[in-house]
Amino acid sequence: MSWFEQKRIFLDYASATPVLPEVKQVMEKYGSKVFYNPSAIYKEGLFVKKDIEQYRTRVARALGVAQQGIVFTSGGTESDNLAILGTFETLRESQNKKPHIIISSIEHPSVIASAKEVVRRGGEMSVLKVNEEGIVSIEALSKLIKRNTFLISIGLANNEIGTIQPIPKIGRLVREYRKTHKSIYPYLHTDASQTPSFLSTNLESLQTDLMTLDASKIYGPKGVGVLALRAGVKIHPTIFGGDQEGGRRAGTPNSALIAGFTLALELAQKNKEKESSRLESFRKYFIETIKKNVPKAIFNGSISSHLPNIVSVSVPGIMSEFVLLKLDREGVLASVGSACSFDGKISGSSVIRALGKTELSESTLRFSFGRFTNENDVRQAVKIFCRLIGVVVK
1 MSWFEQKRIF LDYASATPVL PEVKQVMEKY GSKVFYNPSA IYKEGLFVKK
51 DIEQYRTRVA RALGVAQQGI VFTSGGTESD NLAILGTFET LRESQNKKPH
101 IIISSIEHPS VIASAKEVVR RGGEMSVLKV NEEGIVSIEA LSKLIKRNTF
151 LISIGLANNE IGTIQPIPKI GRLVREYRKT HKSIYPYLHT DASQTPSFLS
201 TNLESLQTDL MTLDASKIYG PKGVGVLALR AGVKIHPTIF GGDQEGGRRA
251 GTPNSALIAG FTLALELAQK NKEKESSRLE SFRKYFIETI KKNVPKAIFN
301 GSISSHLPNI VSVSVPGIMS EFVLLKLDRE GVLASVGSAC SFDGKISGSS
351 VIRALGKTEL SESTLRFSFG RFTNENDVRQ AVKIFCRLIG VVVK
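In this text, residue positions in the sequence shown follow the UniProt record's numbering: the first is 1, and each later residue adds one.
Here you go:
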């Protein structure tokens, strides 16, 4: 049997998830039968518009915001762009200031690129460093906030190392600053794309103002996401045309994708406690097995504050790309980090460098578990990994 005929073990759920059968089913009616444009004024179009607004209400309920606080987008990347550039342009229109944004040093590439675009358009950017576990310092953050700071963007959980940030504490700091300075700014934005299957995504509980979600991370379809807004938060559109999404995002809404996103989010939240416990046991076994068989292995992220499904491991002396290809040939699908950080080229991880481990940035792999990972998958994959590393480092 050739290698590509073997059973494949998928351990890259942090980059993409399969669409659940029930999610696919709810999307199907919007294909050839219910295909109408929700902006049309005939009854078929109005029915589709009504469906979309019902989905919007369900998503709003799941996230703890008003219905008008839900903006459907094409995914997490667009939501991050809209959160950052949308608030930037709103402030620039209303105030004669040089807008200032703060991001952490381990943000998703879409957040980093959007923040750089703020600078290109005349704004300022500060980068908040993280400690060796990837966690930001609230004290250090408080020293970076200025009177012209319009946005702080820090991800709820990192997609490469799984570290969970203290977003509620950051939110309280931000709200206290606004109260003290009698200002509506800065807003707090968090990319929570990796978290709905494991953590609460209620905006009020998180004390945040804007939140990004992506259906492709929660067993929904690719091509749809959400930017959730607290009441009173104003954003300028970044895509122009019609006045869809309350004038905040032009373009005909994709009713099938929106339906799929809605159900995927509800299912993720419903099953999060049970799934977290199951995957945490896999994570623990995976790490303990590597520790026993690869003494040189170094694990990245927080020991106490982490997602239950991500293992980031560095082995001094290996090349990530080489081991990744070896794993692929053995039927194990893993990654080196964010799928959005490169386009067919693998270079050192900026997240690992931000942890102060520059020498390990090209020696790190990420394994991420999910809904269809079973105990046998984990045992087989870690066995293969340890065997390959034993050969490579000799």
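By construction, the Cβ of each residue, glycine as well, lies at the ideal position given by its N, Cα and C atoms.
Option nearest S305 by Cα separation, candidates F88, Y55, N131 and F72: The residue with the shortest Cα to Cα distance from S305 is N131.
Residue(s) in a DSSP beta bridge with V48: In the DSSP secondary-structure assignment, V48 is not bridged to any residue.
DSSP-derived helix/strand/coil call for E5: Bear in mind that the predicted position of E5 carries a pLDDT of just 47, short of 50, making it unreliable; the figure below should be weighed with that in mind. Here E5 sits in helix by DSSP.
Coil, strand or helix - G344 by DSSP: Note that G344 scores a pLDDT of 48, beneath 50, so its modelled location is shaky and nothing firm can be said.
Exposure of I154, with buried meaning 16 or more beta-carbon neighbours within 10 Å: Its Cβ being crowded by 16 or more others within 10 Å, I154 is buried.
Assigned secondary structure, L227 (DSSP; H/G/I helix, E/B strand, else coil): L227 falls in the strand class under three-state DSSP.
Cβ pair H100, G122 closer than 8 Å: The Cβ-Cβ distance between H100 and G122 does not fall below 8 Å.
Residue range of the alpha helix (DSSP H) that includes D80: G76 to S94 is the span of the alpha helix (DSSP H), which, as asked, contains D80.
Residue burial classification, V391 (beta-carbon count within 10 angstroms, cutoff 16): V391 should be labelled exposed.
CB of S312 within 8 Å of CB of E204, strictly: No; because the gap between Cβ atoms is not below 8 Å, this pair is not in contact.
Alpha-carbon spacing of F372 relative to G317, whole angstroms: Cα to Cα, the separation comes out at about 32 Å.
Alpha carbon of V59 to alpha carbon of Y219, nearest angstrom: Taking the straight line from one Cα to the other gives about 15 Å.
Cβ shell of I384 (< 6 Å), same chain only, five flanking positions each side left out: Only E330 and V332 meet the Cβ criterion.
Buried versus exposed, by CB contacts within 10 Å (16 or more), R366: R366 counts as buried, since at least 16 other C-beta atoms from the protein chains shown sit within 10 angstroms of its C-beta.
Pairwise C-alpha distance: Q269 and G260: Answer to the nearest angstrom: the Cα atoms are 14 Å apart.
Between the CA atoms of F150 and T87 - distance to the nearest angstrom: F150 has its alpha-carbon roughly 7 Å from the corresponding atom of T87.
Residue-level contact to chain B via CB, V65, 8 Å cutoff: Absence of chain B from the displayed structure is noted, only one protein chain being present.
Cα-Cα separation between K234 and I70, rounded to whole angstroms: The C-alpha of K234 lies about 12 Å from the C-alpha of I70.
P308 burial status per 10 Å Cβ neighbour count (16 or more: buried): By the neighbour-count definition (other C-beta atoms within 10 Å, threshold 16), P308 is a buried residue.
Boundaries of the alpha helix (DSSP H) in which residue 396 is found, first to last residue: Residue 396 lies beyond the range of the chain shown here (1 to 394); nothing can be said about it.
Collapsed DSSP secondary structure at R366 in the structure displayed: In the three-state scheme derived from DSSP, where H, G and I count as helix and E and B as strand, R366 is classed as strand.
Backbone secondary structure at A66 - three-state DSSP: A66 falls in the coil class under three-state DSSP.
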